[in-house]
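Residue numbers (my numbering): 167 to 474. Backbone N, C-alpha and C define an ideal beta-carbon position, used for all residues, glycine too.
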Amino acid sequence: MKIAIRLEGGIGDHLLGNRFVRGILNEYPKARLDLFSETQGEIIQSSALTCLFNYYDNVFLLNRENKDYIMKSQFGLENRPQSIQNTIQDQYELMESYDRLYDLHIDALDWMSYDFDWQRYFYSFPPPTNEIPDSDHCGDYLVLQLASDNLANGHRMSEEYLHAFISELAQDFKLFILSTPSTRSFIETVVNTGAGVNIFEGTLTEVISLVKDCSGIFGIDSGIKYLGYTFNKPTLCWARESPKPHVVTYAHQIRWLIFPQLFFPLEYNINYMKNCMNNLINTNNFFIAPQLGANDINNALLKREYQS
167 MKIAIRLEGG IGDHLLGNRF VRGILNEYPK ARLDLFSETQ GEIIQSSALT
217 CLFNYYDNVF LLNRENKDYI MKSQFGLENR PQSIQNTIQD QYELMESYDR
267 LYDLHIDALD WMSYDFDWQR YFYSFPPPTN EIPDSDHCGD YLVLQLASDN
317 LANGHRMSEE YLHAFISELA QDFKLFILST PSTRSFIETV VNTGAGVNIF
367 EGTLTEVISL VKDCSGIFGI DSGIKYLGYT FNKPTLCWAR ESPKPHVVTY
417 AHQIRWLIFP QLFFPLEYNI NYMKNCMNNL INTNNFFIAP QLGANDINNA
467 LLKREYQS
């Protein structure tokens with residue numbers, strides 16, 4: 167059996183959709199999978215998946231038929247150019263020619279209606295099936311992603327806040343702050359290097375290795391946080407869809423912000439977030455109540471410590 171897997175969007179959307187591949191393989195264990203990546207020609211998303219996983223025999227980059235694609239739903243008319251129906255005809259027919267086609271486009275939510283148990287895999291990011299090289303950097307360190315290539319996502323925070331955040335963290339942690347060619351000028355403006363504060367601009371493989379070996383991650387709402395989940399690292403993020411700490415909107419929780427307890431409003435209290443990271447590291451508790459320290463989390467969970 168040959169199965170077509172369609173993914174859309176950035177690295178994060180690809181890693182999110184990839185959660186469900188194990189469910190598909192559980193239903194069809196002898197199937198061969200091909201990846202159809204709808205990224206308007208970008209290869210970094212599919213490269214991230216093939217670097218981490220050996221699920222896919224072939225990778226195809228999809229193209230859109232039209233720049234705009236108007237669809238009508240209960241919410242009215244909307245422009246949905248990322249819809250699978252907007253794929254150029256010959257590529258759409260190729261996907262349809264497979265024995266099965268799964269459109270794992272996260273925003274569309276069609277994955278909630280397929281024949282695998284999506285609930286079983288929703289909170290679970292599979293460990294890499296490929297060997298990931300160790301990072302060149304030793305010791306305990308945090309990875310920070312403070313800007314993404316997508317300027318339209320509205321997640322950039324003020325220079326004053328980021329200066330203060332980095333200065334506070336640098337008192338206790340070695341820091342690597344991610345940069346790319348498109349974010350370099352912003353990062354260099356907000357980061358004063360030295361005394362354990364480093365700007366890291368590397369290849370995709372180098373970034374994956376850096377995350378694999380880190381102690382924890384602070385980031386904006388972007389795809390890097392899903393690498394943290396993949397390697398089971400404490401990962402705390404700012405998001406404009408977080409109205410208060412540890413809370414996000416339902417529409418974003420079902421799609422992208424799947425661990426609400428790990429999210430904070432933009433420019434939230436620095437000491438509170440730092441304490442949350444320390445709690446996660448010290449308690450080996452990466453997903454439940456990061457605001458609780460060791461004693462408090464044990465009491466809250468009724469974790470008994472018997473006396474001899």
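With a Cβ-Cβ cutoff of 8 Å, do residue i and residue j count as a contact?
i: Trp554; j: Gly178; result: Summary: the structure shown does not reach residue 554, with the chain confined to residues 167 through 474, and so no result is reported for it.
i: Ile463; j: Asn451; result: yes
i: Cys217; j: Leu393; result: no
i: Thr396; j: Leu181; result: yes
i: Thr253; j: Leu228; result: yes
i: Glu193; j: Phe282; result: yes
i: Arg185; j: Ser263; result: no
i: Leu467; j: Phe430; result: no
i: Arg172; j: Tyr268; result: yes
i: Gln427; j: Ile454; result: yes
i: Asp234; j: Asn245; result: yes
i: Asn448; j: Ala460; result: yes
i: Thr346; j: Glu367; result: yes
i: Gly176; j: Gln211; result: yes
i: Leu376; j: His271; result: no
i: Ser497; j: Lys391; result: Here the chain has residues from 167 to 474 only, and residue 497 is not among them.
i: Ile365; j: Thr359; result: yes
i: Ile236; j: Leu243; result: yes
Among the options, which residue has its Cα nearest to the Cα of residue i?
i: Ser203; options: Phe331, Tyr258, Asn192, Glu193; result: Tyr258
i: Glu334; options: Val357, Phe226, Tyr395, His321; result: Val357
i: Pro400; options: Leu227, Ile272, Ser388, Ile383; result: Ile383
i: Arg230; options: Cys380, Gln248, Ser239, Asp379; result: Gln248
i: Arg322; options: Lys233, Ala214, Tyr434; result: Tyr434
i: Ile436; options: Phe425, Leu458, Tyr327; result: Tyr327
i: Gly389; options: Leu458, Ala170, Ile374, Pro294; result: Ile374
i: Leu446; options: Asn398, Val414, Ser301; result: Asn398
i: Leu458; options: His271, His412, Gly362, Phe352; result: His412
i: Glu372; options: Ile353, Pro299, Gly360; result: Pro299
i: Gly305; options: Gly362, Leu270, Gln251; result: Gly362
i: Gly385; options: Leu432, Val414, Ile236; result: Leu432
i: Pro456; options: Lys469, Arg470, Met439; result: Met439
i: Ala214; options: Phe241, Pro294, Met261, Asp276; result: Pro294
i: Ile420; options: Met261, Trp277, Lys238, Cys380; result: Trp277
i: Lys168; options: Gly242, Gln251, Met261, Glu471; result: Met261
i: Pro292; options: Leu191, Asp387, Lys410, Val414; result: Leu191
i: Ser381; options: Ala330, Glu208, Asp338; result: Asp338
What residue range is occupied by the uninterrupted beta strand (DSSP E) comprising residue i?
i: Arg185; result: No beta strand (DSSP E) contains Arg185, which DSSP labels as neither H nor E.
i: Gly478; result: Residue numbering for the chain in the displayed model covers 167 to 474; residue 478 lies beyond these limits and cannot be assessed.
i: Asn364; result: 363-366
i: Lys399; result: Per DSSP, Lys399 belongs to no beta strand (DSSP E) and is neither H nor E.
i: Ser333; result: Run containing Ser333: none in the beta strand (DSSP E); it sits in the alpha helix (DSSP H), 325-336.
i: Ile272; result: Note, Ile272: premise wrong, no beta strand (DSSP E); not H, not E.
i: Ile343; result: 341-344
i: Leu310; result: 308-311
Along the alpha helix (DSSP H) that carries residue i, what are the first and last residues, could you check?
i: Gln211; result: 210-218
i: Glu354; result: 350-356
i: Val377; result: 370-378
i: Ala170; result: Where Ala170 is concerned, there is no enclosing alpha helix (DSSP H), although the beta strand (DSSP E) it sits in stretches over 168-174.
i: Ile436; result: 436-449
i: Gln285; result: 284-287
i: Ile463; result: 460-466
i: Phe457; result: In the sequence on display, residue 457 carries Gln and not Phe. Counting along the chain, Gln457 falls outside any alpha helix (DSSP H), and DSSP gives it neither H nor E.
i: Gln206; result: Run containing Gln206: none; DSSP gives neither H nor E here.
i: Ile419; result: The residue asked about is misnamed: residue 419 is Gln in this sequence, not Ile. Note, Gln419: alpha helix (DSSP H), 416-419.
Provide the residue(s) that pair with residue i in DSSP beta bridges, ordered along the chain.
i: Gln255; result: None; Gln255 has no bridge partner.
i: Asp200; result: Ala170, Asn224
i: Trp404; result: Phe430
i: Met237; result: Glu244
i: Gln473; result: Gln473 is not bridged to any residue.
i: Tyr268; result: Ile171
i: Arg230; result: Thr253
i: Gly178; result: Looking at the DSSP assignment, Gly178 forms no beta bridge with any residue, so it has no partner.
i: Ile410; result: The sequence given here has Lys at residue 410, not Ile. According to DSSP, Lys410 bridges with Val413.
i: Gly360; result: Val363
So that I know if they touch, is there some Cβ in chain D lying closer than 8 Å to that of residue i?
i: Lys440; result: No chain D is present in this structure, which holds just one protein chain.
For the structure I just gave you, are there three or more beta carbon pairs, one from the segment 302-315 and one from the segment 219-226, closer than 8 Å? no
Assess, as a yes-or-no matter, whether the segment 275-292 is touched by the segment 198-213 under the definition of 3 or more beta carbon pairs within less than 8 Å. no
For the segment 337-357 against the segment 300-311, are there 3 or more C-beta pairs whose distance is under 8 Å? yes
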